[in-house]
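Per numbering that gives the first Met the number 0, the sequence shown runs over residues 0 to 350.
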Amino acid sequence: MVFGKKDNLVGLDIGSRSLKAAEITESKRGRELKRFGMTDIPHGAIEDGTINDPEAVAESIRELFKGYRIKERNVAISIGGYSVIVKKIAVQTMDEEQLQETIHFEAEQYIPFDISDVNLDFQILGPNETNPNQMNVFLVAAKKEMVDDYFNLANLAGLNPCIIDVEAFALQNTFEVGYDPGDDNIALIDIGASKTSLNILKGNSSVFMRDVSLGCSQINQKIISLVDCNFDEAENLKFGDNPERLSAEDLKEIVSSVVSDWCTEIRRALDFFYSTYPDDQIKRIILSGGGANIAEFRELLAVEASAEVETINPFKNIYVDDSRNDPEFIKQIGPQAAITTGLAMRKVNDK
């Protein structure tokens, strides 16, 4: 595949607690990470995917690009959560042009929103396994209001949003570049600040997706309920920075309680998958996001899910330019960079 500089995009992951940007180019070494940067955004500026303070977030984006000397203005961004519906459906076999004309009619029965309030996209996956007259289609619906808000946010920051992707697909993109899925069923699980996304793959095809409202901010909330502090102070206490205010024992108890809840919710989602695909065992789970760094979570999930659990390395097949990036920082931040790198590998004219 030939990559031209003109169609490169910067991947910009806009989370509820932080912004992450990655610039990946094609060089004689293959894919090469030129720059990766990360910065926090003010607490409450984005909640549950809703942008409450676009000017503050736009200013943080501008500072991120300036601080890490990212000059490219064409970006790929992503959305997720309950305003985005991703569903595998079966429809009558037809060509892509015909489906484009009928997709709104097909989608109405699957979308819990008014069809006039959403942007629709689809991808034809291939013939249906049980009905030779049907084909499988991935249907993606996103509320227009949310898409517009993120598009306008990028414009406000002085950027040109060329692609708005779905977070789970961006993560899958990173996985496919770095890993061989083989024939196993693999669960990609991203634990963010306030949202967890689950994407189950068979080979390179996604067969099941779900977002759950849980994440690392739950640890902060429990700290706040135990110690008289604000959210930013709780963020520091979470890393054991002030044992006088929050003992190691109390912190461990909080983390144990939260990750136990995570495992219960993930197990429920997996059970739902098994009810649809009773013969398909998930042997391997790949974790990303901030929650992937919690060893107790990885160990407990392996037991709960009866699967091998590992943390993603999004730079596995990407050359990292150490003269532009701090190698220790890149190694440490890896799990949180997975969506960003998946976005950064998209091209301007991608479907």
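Yeah, the Cβ is synthetic: ideal placement off N, Cα and C, and Gly gets one too. Predicted model, so just to flag it, every value in this text is computed and none were measured.
Lys282 sits close to Asp183, with the two beta carbons spaced by under 8 Å. Look at the beta carbons and you see the region 98-118 not touching the region 239-252: under three pairs across the two are nearer than 8 Å. Where Gly66 is concerned, the enclosing alpha helix (DSSP H) starts and stops at Pro53 to Gly66. By the neighbour-count criterion, in which 16 or more other beta carbons inside 10 Å mark a residue as buried, Thr173 falls on the buried side.
Counting along the chain, Phe296 sits inside the alpha helix (DSSP H) bounded by residues Ala294 to Ala304. In the structure shown, Cys161 falls within a strand segment according to DSSP collapsed to helix, strand and coil. Scanning its chain for C-beta atoms nearer than 8 Å, with the 5 sequence neighbours on each side dropped, one finds around Thr38 the residues Ser17, Leu18, Ser59, Glu62, Leu63 and Gly66, in chain order. DSSP, read as helix, strand or coil, puts Asn312 in coil. Burial check for Asn198: the Cβ neighbour count within 10 Å reaches 16 or more, so the residue is buried. It is roughly 29 Å from the alpha-carbon of Leu342 to the alpha-carbon of Gln280. Within the same chain, and ignoring the five residues on either side of Ile69 in sequence, the residues whose Cβ sits closer than 8 Å to its Cβ are Val9, Ala20, Glu22, Arg34, Gly36 and Leu63.
Between Glu303 and Ser255, the C-beta spacing is not below 8 Å.
Excluding residues up to 5 positions away in sequence, Tyr318 lie with their Cβ nearer than 6 Å to the Cβ of Arg28 in the same chain. The three-state secondary structure of Met145, taken from DSSP, is helix. Straight through space, the alpha carbons of Phe137 and Ile88 are spaced by roughly 6 Å.
Rounded to the nearest whole angstrom, the C-alpha separation of Asp94 and Arg323 is 46 Å.
About 18 Å separates the beta carbon of Leu32 from that of Ile76, a gap too long to meet the 8 Å contact definition. By the Cβ-count criterion, Asn219 is buried, with 16 or more other Cβ atoms from all chains shown falling within 10 Å of its own Cβ. In the DSSP assignment, Leu269 falls within the alpha helix (DSSP H) that extends over Ala247 to Thr275.
For Pro131, the closest alpha carbon among the candidates Lys201, Lys330 and Thr92 is that of Thr92. Of all C-beta pairs linking the region 330-346 to the region 160-177, three or more are shorter than 8 Å, placing the two stretches in contact. Here Leu8 carries a coil assignment [DSSP, helix/strand/coil]. About 6 Å separates the Cβ atoms of Leu213 and Trp261, confirming a contact at the 8 Å cut-off.
Judged by DSSP in its simplified three-state form, Ile329 adopts helix. The Cβ atoms of Ser274 and Ile311 lie no closer than 8 Å to each other.
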